[in-house]
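Asker:
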Amino acid sequence: MTFVPLDLPEELFGLIIGYLPFSDRVGLSLVNRPLRERLLPYVFYQTKLASTAIDQGSMSDEDGHMVLRRHGRYACRVYCDFLQSRLADRDAFLTESLRHVPHLRRIHLRGLTQPLATYIPRYLPPSRTSHLTHLSLTHHDKYRDASNVSRSPPPSSSELYPPDRGLFRILARCPRLRFLELVGPRFRLSYPQWTQLFLYHCPQLIHLRTRACGDDNLIHAIAAALPRLVTLQLSFHEIEGPTLALLPLHCPNLRSLFMYPLPVRQNHLLETMDAQHWPRLRYLHLTGDYYERPPTDIAAIARYLCPFRHPWTNLQTLSLDNVSLGDLVWEQIATRCPQLKDVTFDGCPITDVALRRLLERLPRLERFRLRNIECELTPACLPKRIASDRLYHLAMIIKDFQPSWLFHLQPQLSHLRELVLFKFNKKPNPREVQQYFPGVTISFDS
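For the sequence shown, position 198 matches number 198 in our numbering, and the numbering has no gaps at all.
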């Protein structure tokens with residue numbers, strides 16, 4: 001830790017901050033308060049952000065609102081997690097302290113516990129939202145965690161969670177909004193008004209992440225009003241398969257797609273999704289329903305042939321969770337995704353031949369993860385030669401996988417930095433594994 005005396009000339013503080021390795025968040029919780037008072041203006045000015053430091057209770061010793069009230073004029077980003085902070089009066093922070101941030105561009109609020117319709121218009125007046133480009137709101141519900149929505153809400157959910165009129169009013173005042181994230185069951189996204197909202201009030205929106213309760217109306221709104229969408233994350237249980245087929249046809253610029261859960265039977269999205277509709281796609285994450293076993297019939301598995309019928313020239317990250325793929329699908333992934341750098345298969349049954357083909361035919365592979373694989377694999381699952389010479393992260397969390405199988409690949413894994421193995425597969429001794437891979441961080445995961 002570098003000691004900085006308090007009697008330094010004022011102009012030197014700016015130079016000190018300019019050379020510190022700050023990225024996009026600043027943590028000064030261990031700095032004494034007098035020095036912190038003098039550093040904050042330069043921190044906010046140099047990095048052009050407002051990591052208000054109220055996150056996790058830092059810099060909230062006596063007055064949690066002190067940071068924004070004294071230094072808000074230097075800030076343009078605000079992040080606050082109400083579940084972890086020590087704010088005594090959260091409503092005062094929302095209604096009073098945010099007014100001291102005249103250049104607000106991004107706001108991220110976590111752990112909201114009250115209905116948005118009651119206070120969201122008060123803490124974001126039109127003077128603050130006119131320049132807002134990023135809005136991220138996360139509700140906290142101790143009975144329903146939106147990150148693990150597993151079933152459609154009961155019939156009375158529309159009465160428990162009425163439409164957030166306050167949210168609609170705020171979004172209608174954000175003509176420059178480019179990023180929108182809504183997480184929580186209180187966000188009712190199943191209303192046709194979303195089409196008009198996106199079309200007339202948020203024309204620049206290109207990043208949409210939602211983990212809430214929605215239905216086909218939101219998909220129709222995206223297809224009709226957001227043709228320039230680049231990032232899309234959907235985590236719903238009320239969307240029908242035929243409606244999802246509209247996405248590849250109306251969102252041609254998509255580069256990142258996350259979908260959970262996939263409809264088990266009527267998955268028309270897979271039948272229309274391919275490289276011709278989404279030539280710029282770089283990130284693809286598809287997850288089956290964790291509460292239903294993935295279908296193993298031929299018709300269901302054959303649907304996964306459709307996305308890989310044409311080569312993906314730009315796809316770099318592929319993640320598949322809890323889906324069943326046939327050997328022919330694995331073959332297509334290995335041959336028609338030559339740019340893959342990051343691959344994750346979680347809970348996907350795989351054979352020796354399929355795993356060997358993947359490692360033999362992906363020349364740019366950097367991160368490869370297999371998790372929760374219950375299939376019985378043999379040493380034949382590993383090739384004699386790995387196609388990629390850039391592999392630096394390898395995770396083999398597989399039942400009955402023996403680390404000794406990797407020993408003959410040691411000369412080819414010269415760039416390996418991280419090796420993750422199943423915690424129950426500790427034979428041979430971890431120290432022996434370390435001898436074969438010196439300088440590699442070896443860990444055992446569950």
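Here a beta-carbon is modelled for each residue, glycine too, at the ideal position from N, C-alpha and C.
Return the residue from the list T351, R209 and W194 that minimises the CA-CA distance to A225.
Answerer: Counting from one through the sequence shown, the residue named residue 225 turns up at place 225. Residue W194 is the option with its Cα nearest to A225.
Asker: Using a 10 Å radius around the Cβ and a threshold of 16 neighbouring Cβ atoms, would you call L249 buried or exposed?
Answerer: Walking along the sequence shown from the start, residue 249 turns up at place 249. Answer is exposed; the Cβ neighbour count stays below 16.
Asker: Using the DSSP secondary-structure output, state which residues sit across from H131 in a beta bridge.
Answerer: As a working note, residue 131 is residue 131 in the sequence shown. Paired residue(s): none; H131 is not in a bridge.
Asker: With respect to the beta strand (DSSP E) encompassing A395, which residues constitute its N-terminal and C-terminal limits?
Answerer: Sequence index remark: in the sequence shown, residue 395 carries index 395 (1-based). Segment H393 to I398, the beta strand (DSSP E) holding A395.
Asker: L269 to A245, Cα distance in whole Å?
Answerer: Counting from 1 along the sequence shown, the entry for residue 269 is found at position 269. Counting from 1 along the sequence shown, the entry for residue 245 is found at position 245. Answer to the nearest angstrom: the Cα atoms are 5 angstroms apart.
Asker: Which word fits S127, buried or exposed, when buried means at least 16 other C-beta atoms lie within 10 angstroms of its C-beta?
Answerer: To locate residue 127, count along the sequence shown from 1; it is residue 127. So S127 ends up on the exposed side.
Asker: Return the CA-CA distance between D445 and R357, expressed in angstroms with no decimal places.
Answerer: Locating residue 445 in the sequence shown gives position 445, counting from the first residue. Locating residue 357 in the sequence shown gives position 357, counting from the first residue. Taking the straight line joining both Cα atoms gives about 25 angstroms.
Asker: Can you tell me whether DSSP reads A212 as helix, strand or coil?
Answerer: In the sequence shown, counting from the first residue as 1, residue 212 sits at position 212. Correct three-state label for A212: strand.
Asker: Output the distance between the C-alpha atoms of H408 and C251, rounded to the nearest integer angstrom.
Answerer: The sequence position of residue 408 within the sequence shown is 408, counting from 1. The sequence position of residue 251 within the sequence shown is 251, counting from 1. C-alpha separation (whole angstroms): 46 angstroms.
Asker: Go to F422, then tell me how far its alpha helix (DSSP H) extends in each direction, as first and last residue.
Answerer: In the sequence shown, residue 422 corresponds to position 422, counting from 1. F422 -> not in any alpha helix (DSSP H); beta strand (DSSP E) instead, spanning E418 to F422.
Asker: Could one say the Cβ of N429 lies closer than 8 angstroms to chain D's Cβ atoms, at least one of them?
Answerer: Of the protein chains in the structure, only one exists, and it is not chain D.
Asker: In this structure, how does DSSP classify C80 when only helix, strand and coil are distinguished?
Answerer: By one-based count along the sequence shown, residue 80 stands at place 80. Residue state, collapsed to three classes: strand.
Asker: Use the C-beta contact count for F236: other C-beta atoms within 10 angstroms, 16 or more gives buried, fewer gives exposed.
Answerer: Here residue 236 refers to the residue found at position 236 when the sequence shown is read from its first residue. Answer is buried; the Cβ neighbour count reaches 16.
Asker: Check whether the Cβ atoms of V420 and I397 sit closer than 8 angstroms, and answer yes or no.
Answerer: For the purposes of this step, residue 420 is taken as the residue at position 420 of the sequence shown. For the purposes of this step, residue 397 is taken as the residue at position 397 of the sequence shown. In contact: V420 and I397 (Cβ atoms closer than 8 angstroms).
Asker: Along the chain, where does the alpha helix (DSSP H) containing F179 start, and where does it finish?
Answerer: As a position in the sequence shown, residue 179 is number 179, starting the count at 1. Unbroken run through F179 is the beta strand (DSSP E), F179 to L189; no alpha helix (DSSP H).
Asker: Can you give the Cα-Cα distance for H100 and R77, rounded to whole angstroms?
Answerer: Within the sequence shown, residue 100 is the residue found at index 100, counting from 1. Within the sequence shown, residue 77 is the residue found at index 77, counting from 1. Looking at the two C-alpha atoms, the distance is approximately 12 angstroms.
Asker: Go ahead and pull the three-state DSSP assignment for N372.
Answerer: Locating residue 372 in the sequence shown gives position 372, counting from the first residue. In this structure, N372 counts as strand in the three-state DSSP scheme.
Asker: By DSSP, does N148 sit in helix, in strand, or in coil?
Answerer: Residue numbering aside, residue 148 sits at position 148 when the sequence shown is read from its first letter. With a pLDDT of 43 at N148, under the threshold of 50, the modelled position of this residue cannot be trusted, and the question is left open.
Asker: L328 to R188, Cα distance in whole Å?
Answerer: Locating residue 328 in the sequence shown gives position 328, counting from the first residue. Locating residue 188 in the sequence shown gives position 188, counting from the first residue. Distance between the alpha carbons of L328 and R188: 40 angstroms.
Asker: Identify which residue in F179, E418, R211 and H131 has its Cα closest to the Cα of P185.
Answerer: Along the sequence shown, read from residue 1 onward, the residue named residue 185 stands at position 185. Minimum Cα distance to P185 is reached at R211.
Asker: So is F308 buried or exposed if we call it buried at 16+ other beta carbons inside 10 Å?
Answerer: Start at 1 with the first residue of the sequence shown, and residue 308 comes out as number 308. Classification for F308: buried.
Asker: Output the distance between the C-alpha atoms of H277 and T231, rounded to the nearest integer angstrom.
Answerer: For this step, residue 277 is matched to residue 277 along the sequence shown. For this step, residue 231 is matched to residue 231 along the sequence shown. Approximately 15 angstroms, taken between the alpha carbons.
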